[in-house]
Amino acid sequence: MLKLYTAQNSICTQKVFLTLLEKGLKWTSEYIDLFTNEQYRPEYLKLNPKGVVPTLIHEGRAVIESTLICEYLDETFPAPPLMPDTPYDRARMRLWSKHIDEGVFEATREISFSAMFRDKMKAMTEEQRNGRFDNIGDPGRRARFMSTYRDGCDSPYVAHGVFAFEKMFREMEADLSAGQTWLVGERFSLGDINVMPFVARLDYLGLLDIWLAERPMVRAWWQRAKARPSFAGAIANLLTEEQKSAMASSGARIRDQIEGRWSQLARKTAAAELAPAK
Amino acid sequence: MLELYHHGSSVCAAKVRLALAEKGLSWHGHYLDILRGEQFTPDYLKINPKAVVPTLVHDGKVIPESTVICEYVDETFADRPIYPVSPYEKTRVRIWAKAVDEELHPACSAITYVVSHRHTILRNGVGGFEDFLKQGGADGIAARTLKWQWLQHGLAAPGAGDKIRLYVSYLHKMEDALWDNDWLVGPTYSMADIAMTPYVNRLDALAMDGLWKNGRLERVERWFERVKERPTFEPALVAWMPQELADEMRENGQKSWPEVKKFLDL
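Chains A and B are the protein sequences, given in the same order.
Quick note on numbering that gives the first Met the number 0: the first sequence kicks off at 0 and runs consecutively.
Quick note on numbering that gives the first Met the number 0: the second sequence kicks off at 0 and runs consecutively.
Spelled out as structure tokens, the structure:
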């Protein structure tokens, strides 16, 4: 039996949902309320020492880290395969996971937080809010969190986030321009799955076109990805209309600022690329 | 043929050399002095736009990112596996490798720069900090801003203390994992140990072995002794570290130790 600890609209869990559905596996979900700090209860920390979702329980053992959970599921239940057949293509697949885990995940957190959760945090009592900050064990993560709470889109972390997406989309456009259907060749893989929830979040916030206006290959990939039944089951159908319209309206509020950040960056990047190489 | 772009002071490159040695694979090296900015040449940027080492080129196929390289090598050459077979045990190994990439590595480069490399970069006379940081494409803007602070302010740079504490928390995680085991995951020296080895060795190179010696973390101490006895340690790690740089790191590390101790309330 498979049990998954998750939270409402948890982007990392969406990767695992996509994987489970693509593989036709059954599971039960247990929801954790991040806004009442349920993720820091001692019982949960025993399963997941970082206090984050998701956690998969399989045969009585906890598996953590969404990227690794997806690989674990694919290796434990091999059919249909979601990893490419050759080591080289699996390496390429893992590079997409790294894009997410070492840049885009944080980017999404900063952008989503500025758009959606910042107002929710402002509505908390100071005690609740400080509790939320204090519970973050990693000082770097706490600093990012406090910076986006204080400065919203003016936080340098949001600028880094805009850049992380830019780098990823630039590479996606280049790779897809070779004519392949999915990010790693002709077979849909964990590479696509890892990226999808993050692109979906920008789409729901109404910000995606900022990056994709001149990237037709990525736009076409996104249409194909969204058309998969797993997208509806793992992401679209799990969101209420209220959640969707809340994302749309909060995204609209920060759109000008994000667009400003992006065009600033595009100018800088263009200038750096024009500069003579040493 | 396996070709490796690497440097003696890069922990990530050391990790790949160690994995290749543990698997008994031979390779052809391209040595890039990253403290002189040799990673910024247009030819290298073509295969590694982030301007970092290592990069593996296997029969013309380019593979960046040390952890991805190690897993690729293990999947390509089945002999002497460094990852376990069972998906659950494999995940446990991957958790260590991933934590090294996402948390420990940034902490390690911060510490190495604030304690030592800032002096080396100055001594090499690459035209001052600013010129050093300006090299390369636009991809590393955020990372280079951070490095600029480390270079300028050393241990007084914002967040330096946090990085050192994070590093130490990993030594504690190791101590826990080694509770009833010689190695971090399972009965053999695996990718989990390979991933940690260059990072513990880095602290040792910076004369910071006081973090685990003197009865502080005895299991980590014994683990590191076992690691050093392996025939792969000397050729993969020690032999590639330029003597001058090794001396400088030790000396700078010793000078910084009192300040480091203060961060940790030792």
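Just so you know, even glycine gets a beta-carbon here, dropped at the ideal spot from N, CA and C.
Values in this document were obtained by computation on a predicted structure and should not be read as measured data.
Same chain, Cβ closer than 7 Å to residue i, neighbours up to 5 away in sequence not counted
i: P275 (chain A); result: Any reading at P275 (chain A) must be qualified, since the residue scores a pLDDT of 37, below 50, and its modelled position is unreliable; no value is offered.
i: M92 (chain A); result: M82, P83, V183, S188, L189, G190
i: C80 (chain B); result: Reading the sequence as shown, one finds Pro at residue 80 (chain B) and not Cys. Hits under 7 Å: D73.
i: E37 (chain B); result: L31
i: A251 (chain A); result: G205
i: F294 (chain A); result: Nothing in the structure corresponds to residue 294 (chain A), since chain A is present only between 0 and 277.
i: Y30 (chain A); result: T5, A6, Q7
i: L265 (chain B); result: none
i: S176 (chain A); result: M216
i: L33 (chain A); result: A6
i: T231 (chain B); result: L17, A20, E21
i: F162 (chain A); result: L264
i: D58 (chain B); result: M0
i: W26 (chain B); result: L1, E2, L3, L19
i: D100 (chain A); result: T66
i: W149 (chain B); result: A109, Y112, V113, R117, A156
Under 9 Å between C-beta atoms of residue i and residue j
i: G23 (chain B); j: D78 (chain B); result: yes
i: M195 (chain B); j: V259 (chain B); result: no
i: Y71 (chain A); j: Y87 (chain B); result: yes
i: A106 (chain A); j: G160 (chain A); result: yes
i: P196 (chain A); j: L17 (chain A); result: yes
i: V52 (chain B); j: S9 (chain B); result: yes
i: I163 (chain B); j: F262 (chain B); result: yes
i: V167 (chain B); j: W95 (chain B); result: no
i: Y71 (chain B); j: P86 (chain A); result: yes
i: Y188 (chain B); j: V99 (chain B); result: no
i: R96 (chain A); j: C11 (chain A); result: The sequence shown places Ser at residue 96 (chain A), rather than the Arg named in the question. No. Outside cutoff.
i: A191 (chain B); j: R35 (chain B); result: no
i: K14 (chain B); j: L67 (chain A); result: no
i: I243 (chain A); j: Y203 (chain A); result: This sequence places Lys at residue 243 (chain A); Ile is not what is there. Against a cut-off of 9 Å, the Cβ pair of Y203 (chain A) and K243 (chain A) comes out as a contact.
i: W222 (chain B); j: W182 (chain B); result: yes
i: G153 (chain B); j: R122 (chain B); result: no
i: Q13 (chain A); j: A199 (chain A); result: yes
i: T27 (chain A); j: Y43 (chain A); result: no
Residues near residue i by beta carbon distance below 6 Å, same chain, minus five either side
i: N47 (chain B); result: T54, P63
i: G135 (chain B); result: With a pLDDT of only 49 at G135 (chain B), under the threshold of 50, the placement of this residue in the model should not be trusted; the figure read from the coordinates follows. Around G135 (chain B): F39, A50.
i: G7 (chain B); result: W239, M240, P241
i: I56 (chain A); result: K2
i: Y169 (chain B); result: L103
i: R223 (chain A); result: none
i: D235 (chain B); result: What sits at residue 235 (chain B) in the sequence shown is Ala, not Asp. Result list for A235 (chain B): R16, L17, A20, in chain order.
i: L201 (chain A); result: L207
i: S229 (chain A); result: L17, L20, E21
i: R218 (chain A); result: L211
i: Q38 (chain A); result: I31, G50
i: A12 (chain B); result: H5, H6, V52, P53
Same chain only: Cβ atoms within 8 Å of residue i, ignoring 5 sequence neighbours per side
i: R218 (chain B); result: M173, E174, L177, W178
i: A137 (chain B); result: At A137 (chain B) the pLDDT is 43, less than 50, meaning the model places this residue with poor confidence; the figure from the coordinates comes in the next sentence. Hits under 8 Å: none found.
i: C152 (chain A); result: S113, I253, Q256, I257, R260
i: G252 (chain B); result: V114, S115, A204, L205, A206, M207
i: C266 (chain B); result: Examination of residue 266 (chain B) is not possible in this model, given that chain B is present from 0 through 265 alone.
i: F76 (chain B); result: K22, L24
i: H244 (chain B); result: The identity of residue 244 (chain B) in the sequence shown is Leu, whereas the question assumes His. Only G7, S8, L34, T119 meet the Cβ criterion.
Per DSSP, cross-strand counterpart(s) of residue i
i: A245 (chain B); result: DSSP output for A245 (chain B) lists no bridge partner at all.
i: P63 (chain B); result: B:T54
i: T27 (chain A); result: A:K2
i: G28 (chain B); result: B:L3
heavy atom of the ligand MN below 8 Å from residue i C-beta
i: P155 (chain A); result: This structure lacks the ligand MN; in fact it carries no ligand of any kind.
Exercise. Give, in chain order, every residue of the segment 92–111 of chain A whose Cβ lies closer than 8 Å to some Cβ of chain B.
Key: R93, L94, K97, D100, E101
Worksheet item: Which residue spans inside the segment 160–242 of chain B form an unbroken beta strand (DSSP E) run of at least 3?
Response: none
| What are the residues of the segment 51–62 of chain A that lie near chain B, defined by any Cβ-Cβ distance shorter than 7 Å? | R60, V62
Margin query: Please identify, using Cβ separations under 8 Å, the residues of the segment 86–97 of chain B that lie next to chain A, in order along the chain.
Written below: Residues passing the 8 Å Cβ filter: P86, Y87, K89, T90, R93, I94, K97.
Whole alpha helix (DSSP H) runs in the segment 48–113 of chain A with 4 or more residues, listed along the chain?
65–75, 86–98, 104–111
What residues in the segment 77–90 of chain A bring their beta carbon closer than 8 Å to a beta carbon of chain B? For the segment 77–90 of chain A, which is checked against every Cβ of chain B, the residues closer than 8 Å are P86, Y87, R89, A90.
Ignoring anything shorter than 4 residues, give me the alpha helix (DSSP H) runs that lie fully in the segment 133–173 of chain A, in order along the chain. 138–150
- prompt: What runs of the alpha helix (DSSP H), each 4 residues or longer, lie entirely inside the segment 171–237 of chain A?
  reply: 189–203, 207–211, 215–225, 228–233
**Message:** To be precise: take each residue of the segment 134–145 of chain A, compare its Cβ to all Cβ atoms of chain B, and keep it if any distance is under 8 Å. Which residues remain?
**Reply:** D137, P138, G139, A142
request  = Using a Cβ-Cβ cut-off of less than 8 Å, list which residues of the segment 14–41 of chain A approach chain B; keep chain order.
outcome  = none
**Q.** Cβ-based contacts, 7 Å cut-off: residues of the segment 108–120 of chain B near chain A
**A.** none
Residues of the segment 168–189 of chain B in Cβ contact with chain A at a cutoff of 8 Å, in chain order, please. none
Checklist entry - Taking Cβ-Cβ distances below 9 Å as the criterion, which residues of the segment 196–216 of chain A are in contact with chain B? => result none
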